[in-house]
Ligand SMILES: Nc1ncnc2c1ncn2[C@@H]1O[C@H](COP(=O)(O)OP(=O)(O)O)[C@@H](O)[C@H]1O
Ligand SMILES: [Mg+2]
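Chains as they are written, first to last, in the numbering used here: chain A, 1 to 237; chain B, 1001 to 1285.
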C-alpha cells in the first residue's frame, strides 16, 4: 500500500543474542487505527520498541511516511512524527501535570506549545483541573490520559500505544478506548497493543495477531471478532 | 552577642556549603553518579578567580568569568572522561572521577605551587548593628549564596532547560521517548554544576582567606554531608542541608570544641539519617 504511514518489512529484533521478532511485516495506513494482540511474551512490546528505535532491528526495515528510519534513535523518531506511550512509567511523577505536557512540547515554539497544551486540556478536561498537581499523585486512568496527551502535543502522524488499559480501573478502560478512538478526528494514525483484545477490537479498524514473535494473521477488526478460531485462541472464548 | 555573630558565620558557611552541594546534587540527579572530582571545580574556581584578580580584574567580574570558565571545564571533563564510560556501570565512573580529581590537583600544584596563597580580598570595615560587628565578607558570601540558590530555583522551575533537566533526572528513558536530546541536557547540566561549584569555591576562598590546591578536595566531605542530609539528588534538600551543616559546624565550634567543626557536620548528618534515612527531602524512590 502506498498510503502506509508506518510500515515494518521483515523486521527481526531482540535483546542481545536473544531473538524475539522474526520477519514481522505490518503496516498502518493514513488515519487508520490498528491493534496488535497475542499472548503474553509474544513480543508485542518489543515490536513497538523496534518501530520506535528503542530496540535496533537486526534485519528488515521500518519506514515512516515513506522514509527509511530503521534503527534511528527515539529522539529522531519523535522529530519525524512518531510518538510512543510506554506501558509503565509513562509520566514524570516528580513533575506537575502541566510540566509533563510542556516536556511533550519541548521542541515546539512557546506559543505553539501553549496552544497545543490548551487543545489537550480541552480533549482531556480532567488534566485541566489538575494542572498544578504532581503527576505522581494521579490515578491510573488519569496517568494514561496524561501520557497520551504528552505524546500528542507535538502532533505526531503515528501514535504507538503499549497497553493503554494497564493499571487502569476496569470501568475507566472503556473510556480510554473511547478517547483513543475519538482521536480519529485529529487524523492521527494509531498502533495499539492490548492484552484485552476483545474489548479493544471494536474500537479499531484492523488487527494483527502476534505469536512467538511472528505475525500469525491479519484482518479487519470485524472479521477477527467473528473468527471462531481467533476468538477461542486469543480472545478468551 | 556571640550567639548572633556565630549565627551569621554559620549561615555564611552554610551558604558556601549549600551552593557547592546544589552543584554536586544537580549533576548527580541527571547522571546518577557521584562526581568525586567535584571538589576540583571549587578549587579551579578559586584559582581562576585569583589569577584574573591578579591580572587586574575586579573581584566580582573575576569571579563570574572564573565560574563560566570552570563551567566549560566541566563540559570538557564530562565529554572526555565520563561520557565514554556512561554505559559501563558506576564503578568505572567513580574510579575515573577520583583519578580526574588527583590529576587536576597536581596540575594546579605544578602551576601554582603547593602552598596556600592569600586570596586578594579588599579590606572591608565590619558593619556595626546595635553594638554588634558583623564582617561585610560574611554578608557578601551569604548574599551571593542566596542569589545563586534563587537562580537555580528559577532555572529549574521556570525555564525549559530546567524542566528538561528535571525530566531527565526523573526518568531518562521516558525523557528520550518524549524526544528530549539527553546529550544537550547533559552538557548543560555539567556546565551549570561546574559553574556553581566554582562559585562555591570562590566563596570558600573568601571564608578561608587563602586558596590551596586541595581546598576543594578537603571540603568535598562536608559538601557530601549536606547532599546526603538533604536527600541525594534533591537541589532544595542540598540547600537546606548546606545551611544546617554550616550552622552545626559554627555553633559546635563556638560552644563545644573549636577544633572539631567537621565532627559536628557529621553528628548532624548521622542524627538526621537515623530519623530520615533518605534525607530531609529525599523521595521514596
Ligand atoms: N529488556 C529485555 N531483555 C531481555 N529480554 C526481554 C526484555 N524485554 C522483554 N524481553 C523478553 O522478550 C519476550 C517478549 O517480551 P515482550 O515484547 O514484552 O512481550 P509482550 O509485550 O508481547 O508481552 C519475553 O520473553 C521477554 O521476557
Ligand atoms: Mg508488553
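All C-beta atoms in this analysis are idealised placements derived from N, C-alpha and C, irrespective of residue type, glycine included.
Since residue i is in the alpha helix (DSSP H), which residue starts that stretch and which ends it?
i              : result
residue 113/A  : 110-123
residue 1236/B : 1235-1255
residue 1009/B : 1002-1031
residue 135/A  : No alpha helix (DSSP H) holds residue 135/A; DSSP gives it neither H nor E.
residue 1109/B : 1090-1112
residue 1034/B : No alpha helix (DSSP H) contains residue 1034/B, which DSSP labels as neither H nor E.
residue 33/A   : Premise fails: residue 33/A lies in the beta strand (DSSP E), 33-37, not in any alpha helix (DSSP H).
residue 1119/B : Looking at the DSSP string, residue 1119/B is not in any alpha helix (DSSP H), and its letter there is neither H nor E.
residue 1057/B : First-last for residue 1057/B: undefined, no H or E at that position.
residue 142/A  : 140-152
residue 1269/B : 1261-1275
residue 204/A  : No alpha helix (DSSP H) holds residue 204/A; DSSP gives it neither H nor E.
residue 177/A  : 170-182
residue 1280/B : Here residue 1280/B belongs to no alpha helix (DSSP H), and DSSP marks it neither H nor E.
residue 1150/B : 1136-1158
residue 43/A   : It is not in any alpha helix (DSSP H) - residue 43/A carries neither H nor E in the DSSP assignment.
residue 76/A   : 74-79
residue 101/A  : 97-104
residue 1172/B : 1172-1177
residue 92/A   : Here residue 92/A belongs to no alpha helix (DSSP H), and DSSP marks it neither H nor E.
residue 229/A  : 228-234
Just checking residue i against ligand 2 - is the residue's beta carbon closer than 6 angstroms to any of the ligand's heavy atoms?
i              : result
residue 1164/B : no
Using 10 angstroms around the beta-carbon of residue i, count the other beta-carbons present and answer buried if the total reaches 16, otherwise exposed.
i              : result
residue 223/A  : exposed
residue 1177/B : buried
residue 7/A    : buried
residue 49/A   : buried
residue 297/A  : Coverage of chain A is limited to positions 1 through 237, which leaves residue 297/A absent and any answer about it impossible.
residue 220/A  : exposed
residue 1256/B : exposed
residue 1055/B : exposed
residue 100/A  : buried
residue 1285/B : In this prediction, residue 1285/B has a pLDDT of 38, which is less than 50 and means its spatial position is unreliable; what the coordinates show is noted afterwards. It is exposed - the Cβ of residue 1285/B has fewer than 16 other Cβ atoms within 10 Å.
residue 1229/B : buried
residue 1078/B : buried
residue 139/A  : exposed
residue 156/A  : buried
residue 1231/B : buried
Taking only heavy atoms of ligand 1 into account, decide whether any of them is closer than 6 angstroms to the Cβ of residue i.
i            : result
residue 15/A : yes
residue 56/A : no
Out of the options, which one is the CA nearest neighbour of residue i?
i              : options                        : result
residue 153/A  : 132/A, 124/A, 176/A            : 124/A
residue 1098/B : 1004/B, 1037/B, 1193/B         : 1037/B
residue 1156/B : 1030/B, 1008/B, 1127/B         : 1030/B
residue 216/A  : 4/A, 14/A, 25/A, 15/A          : 25/A
residue 234/A  : 39/A, 132/A, 62/A, 185/A       : 39/A
residue 1052/B : 1025/B, 1101/B, 1121/B         : 1121/B
residue 70/A   : 4/A, 9/A, 117/A, 203/A         : 9/A
residue 1001/B : 1273/B, 1134/B, 1215/B, 1267/B : 1134/B
residue 980/B  : 1240/B, 1110/B, 1145/B         : Because residue 980/B is not part of the residues shown, which for chain B are 1001 to 1285, the question remains open.
residue 163/A  : 111/A, 191/A, 133/A            : 191/A
residue 42/A   : 226/A, 200/A, 195/A, 199/A     : 195/A
residue 1167/B : 1152/B, 1151/B, 1117/B, 1185/B : 1185/B
residue 97/A   : 131/A, 118/A, 147/A            : 131/A
residue 1149/B : 1007/B, 1019/B, 1012/B, 1009/B : 1019/B
residue 1269/B : 1248/B, 1012/B, 1258/B         : 1248/B
residue 1089/B : 1191/B, 1006/B, 1033/B         : 1033/B
residue 1188/B : 1245/B, 1068/B, 1140/B         : 1068/B
residue 78/A   : 184/A, 53/A, 17/A              : 53/A
residue 1220/B : 1039/B, 1083/B, 1003/B         : 1039/B
Between which two residues does the beta strand (DSSP E) carrying residue i extend?
i              : result
residue 1081/B : That residue, residue 1081/B, is in no beta strand (DSSP E); it is neither H nor E in DSSP.
residue 4/A    : 4-15
residue 191/A  : 189-193
residue 20/A   : 18-29
residue 1202/B : No beta strand (DSSP E) holds residue 1202/B; the alpha helix (DSSP H) holding it covers 1182-1208.
residue 216/A  : 214-220
residue 63/A   : 59-64
residue 162/A  : 158-162
residue 1128/B : 1127-1129
residue 83/A   : 82-85
Using a C-beta cutoff of 7 angstroms, does residue i count as contacting chain C?
i              : result
residue 1276/B : Looking for chain C here will not work: the only protein chains present are A and B.
Mind checking whether the beta-carbon of residue i lies closer than 6 angstroms to any heavy atom of ligand 4?
i              : result
residue 1263/B : Summarising the ligand content, the structure contains ligand 1 and ligand 2 and does not contain ligand 4.
So which residues touch the region around ligand 1, with touch meaning a C-beta under 6 angstroms from any heavy atom? Output, sorted by chain position: 15/A, 18/A, 20/A, 40/A, 41/A, 42/A, 43/A, 44/A, 45/A, 46/A.
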